[in-house]
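Undergrad: One structure, pasted below without further comment.
Protein chains: 2
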Amino acid sequence: MEEYTQVFKTLSDPTRLRILRLLLDAGKELCVCELVDSLEEPQYNVSKHVTAMRSAGLLKSRKEGRWVYYSPQSADGEFLKLLSRAVAAIPERHVKHDRAELRKRLKLREGGKCLTGVRKEHLLGKVSS
Amino acid sequence: MEEYTQVFKTLSDPTRLRILRLLLDAGKELCVCELVDSLEEPQYNVSKHVTAMRSAGLLKSRKEGRWVYYSPQSADGEFLKLLSRAVAAIPERHVKHDRAELRKRLKLREGGKCLTGVRKEHLLGKVSS
DNA sequence: ATGATATATGCGTCTATGCGCAACTACGCA
DNA sequence: TGCGTAGTTGCGCATAGACGCATATATCAT
Chain A
1 MEEYTQVFKT LSDPTRLRIL RLLLDAGKEL CVCELVDSLE EPQYNVSKHV TAMRSAGLLK
61 SRKEGRWVYY SPQSADGEFL KLLSRAVAAI PERHVKHDRA ELRKRLKLRE GGKCLTGVRK
121 EHLLGKVSS
Chain B
130 MEEYTQVFKT LSDPTRLRIL RLLLDAGKEL CVCELVDSLE EPQYNVSKHV TAMRSAGLLK
190 SRKEGRWVYY SPQSADGEFL KLLSRAVAAI PERHVKHDRA ELRKRLKLRE GGKCLTGVRK
250 EHLLGKVSS
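Shown next, in the form of structure tokens:
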């Protein structure tokens with residue numbers, strides 16, 4: 001049973017729910033810095049969340065140069081499929097802002113690829129002195 | 130968003146998942162003592178869990194004499210409907226034992242009603258001295 | 001090689017929550 | 001009105017997890 005509670009636990013966090021929803025809506029893989037600018041959450045935070053979600057089997061990642069692209073792990077079982085649909089069914093208004101920010105951020109892509117890091121500097125971890 | 134994470138959080142526990150699944154499968158309302166004997170979890174524990182699930186909008190309760198019957202709250206939104214279906218999609222083998230215990234326990238009903246309390250005594254809270 | 005940049009991670013702290021225990025309320029019956 | 005029974009709840013402990021900060025790793029450019 002723990003394998004199922006684990007998935008629920010993983011989604012028991014607003015940021016993670018927003019990440020999954022954003023990826024489901026985007027229909028394409030997104031890199032960490034794009035998620036950071038869209039969600040307006042600190043880089044280290046987003047990184048931790050996507051790592052946890054990948055461990056739980058909800059996301060997959062692909063590394064390309066310095067960037068790591070995340071996308072929903074195509075659900076194999078009925079259980080995960082239905083959970084994905086549930087997240088996709090969260091009403092629009094809860095995700096509107098994130099989507100708008102993502103749209104803006106995606107304009108920085110060139111040739112379909114991310115070529116820059118986090119633009120909203122206040123979301124970066126503190127630089128070592 | 131917290132209203133959605135709350136539901137996931139509520140289901141992030143094996144006992145709760147088993148309770149919901151048992152109620153979904155049973156197709157009828159069950160009282161606390163029947164859940165206790167089916168799940169083989171302490172009475173105070175089951176009581177706390179169903180209370181939490183009711184607060185989260187997942188269950189509803191009906192009091193009849195000394196007994197309190199719980200059943201799944203018929204989901205109004207698409208989100209909750211899909212979550213219920215996900216829980217119902219957890220493979221059989223994870224719920225087999227609970228269901229067998231429930232079948233046994235339901236034989237104690239008369240006229241469709243529960244007429245006794247917890248039968249597995251080791252699952253009761255300690256009696257005050 | 002050196003530095004810059006994208007992402008990940010270890011640590012301490014704070015909060016949330018499940019559990020066991022014990023007491024409590026609510027209801028019914030004699 | 002007193003007792004037994006079904007269920008709830010408050011308290012304390014222990015654990016788990018999210019966050020902020022700092023730093024580490026990995027890759028690329030010069």
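For the record, the sequence lines run as chains A and B.
Under the working numbering, the first residue of the first sequence carries the number 1, and numbering increases by one thereafter.
Under the working numbering, the first residue of the second sequence carries the number 130, and numbering increases by one thereafter.
All C-beta atoms, glycine included, are put in the ideal place defined by N, C-alpha and C.
Please work out which residues of its chain come closer than 6 angstroms, Cβ to Cβ, to B/Arg248, disregarding the five sequence neighbours upstream and downstream, and give them in chain order.
TA: These residues qualify, in order along the chain: Asp166.
Undergrad: Please go through the same chain and pick out, in chain order, the residues whose beta-carbon is closer than 6 angstroms to the beta-carbon of A/Tyr69, but skip the five residues on each side of it.
TA: So the qualifying residues of the chain are Glu29, Cys31 and Arg62.
Undergrad: Measure the beta-carbon distance from A/Thr10 to A/Ala75 and round it to whole angstroms, keeping in mind my assumption that it falls under 8 angstroms.
TA: The pair is not a contact, with the Cβ atoms about 13 angstroms apart (cut-off 8 angstroms).
Undergrad: Return the bridge partner residues of A/Cys33 from the DSSP annotation.
TA: For A/Cys33, which the question treats as bridged, DSSP gives no partner whatsoever.
Undergrad: Starting from the beta carbon of B/Ser141, find every residue of chain A whose beta carbon is closer than 7 angstroms, and list them in chain order.
TA: Those are Thr5, Phe8, Lys9 and Ser12, listed as they occur along chain A.
Undergrad: Which residue spans inside the segment 3-56 of chain A form an unbroken beta strand (DSSP E) run of at least 3?
TA: As far as the segment 3-56 of chain A is concerned, it has no whole beta strand (DSSP E) run of at least 3 residues.
Undergrad: Since A/Leu35 contacts A/Val46 with CB under 8 angstroms, what's their CB separation in whole angstroms?
TA: Correct: roughly 5 angstroms between the Cβ atoms.
Undergrad: From which residue to which residue does the beta strand (DSSP E) around A/Lys60 run?
TA: Residues Leu59 to Glu64.
Undergrad: Do A/Pro14 and B/Thr144 come within 8 angstroms of each other at the CB atom, strictly closer than that value?
TA: Their beta carbons are not under 8 angstroms apart, which means B/Thr144 does not touch A/Pro14 by this criterion.
Undergrad: Here's the rule I'm using: 16 or more other beta-carbon atoms within 10 Å means buried, otherwise exposed. How should A/Arg66 be labelled?
TA: Exposed: under 16 other Cβ atoms inside 10 Å.
Undergrad: Helix, strand or coil for A/Ser129, going by three-state DSSP, please let me know.
TA: With a pLDDT of only 38 at A/Ser129, under the threshold of 50, the placement of this residue in the model should not be trusted, and no figure is reported.
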